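In this text, residue positions in the first sequence follow our numbering: the first is 907, and each later residue adds one. A virtual CB, placed ideally from N, CA and C, is assigned to each residue, including glycine. Source: prediction; values computed, not measured. Structure record follows, encoded as structure tokens.
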Amino acid sequence: MMKANDIIFAEAIGCYIEIGYGSELRCVRFIKSKERLKEKKTRTASFELDEYFKGKRTDFSCAVDLSGLSPFAQKVLSEARNISYGRTVTYSELAERIGSRAFRAVGRALAINPAPIVIPCHRVVARNGMGGFSAGVDIKIRLLELEQKMHP
DNA sequence: AGCAGGTTTAGCG
DNA sequence: CGCTAAACCTGCT
């Protein structure tokens, strides 16, 4: 299928989400726009994300296109997908799950995550608290709060 | 080779 | 208890 972009508004975190499609889901990114954008949903992933932000969905059916990433990064990201809704894991724990002690490299792999949320990199936190987030820690916090609220 | 990264842990003040 | 400093791996220049 050819490439296309959808846009949805995530009320829970107060910003727009752009979803890029290739042959599979290719990327997800956050848009902090003041202007009102027009929503566009042409694929299932868009609807699923929309439901997610309303707290009605806890998992995604779509595959993510990880080609182009290093084998290590692919391992990290696919393992990250196994983290269940409302749960958090530390960087070092995620590293152990893929049979490595490279917690720091894990952070690096998560930082280049092409599709946040679908690949729940926001559920990976530092041992002493929050850790970072490529799109801004504020968004990470909002996401975790959303999941906390639906999964007490 | 060398450096920096979404860390971690130990060690000192 | 809060802060600095060294260490663990991987990916880019």
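query	result
Every unbroken alpha helix (DSSP H) inside the segment 938 to 978 [4 residues or more]	950 to 959
Cβ-based burial, isoleucine 914 [other Cβ within 10 Å; buried from 16]	buried
Neighbourhood of threonine 1012 by C-beta, 7 Å cutoff - its chain only, sequence neighbours within 5 removed	Looking at the sequence shown, residue 1012 is not threonine but valine. Excluding positions up to five away in sequence, the list reads Val982, Tyr997, Leu1000, Ala1001.
Contact set for glutamate 1053: own chain, Cβ-Cβ below 7 Å, skip 5 residues either direction	Tyr991, Gly992
Local conformation of valine 1024 per DSSP, three classes	coil
Cut-off 7 Å between Cβ atoms - residues of its own chain near cysteine 1027, not counting five sequence neighbours on either side	Ala986, Leu1016, Asn1019
Three-pair Cβ contact test at 8 Å for the segment 937 to 944 versus the segment 1025 to 1039	no
Limits of the unbroken alpha helix (DSSP H) element including isoleucine 1045	1043 to 1056
Selected residue, minimal CA-CA separation from alanine 1032, among Leu972, Leu1050, Ile1004, Thr994	Thr994
Where glycine 1013 sits in the DSSP three-state scheme	helix
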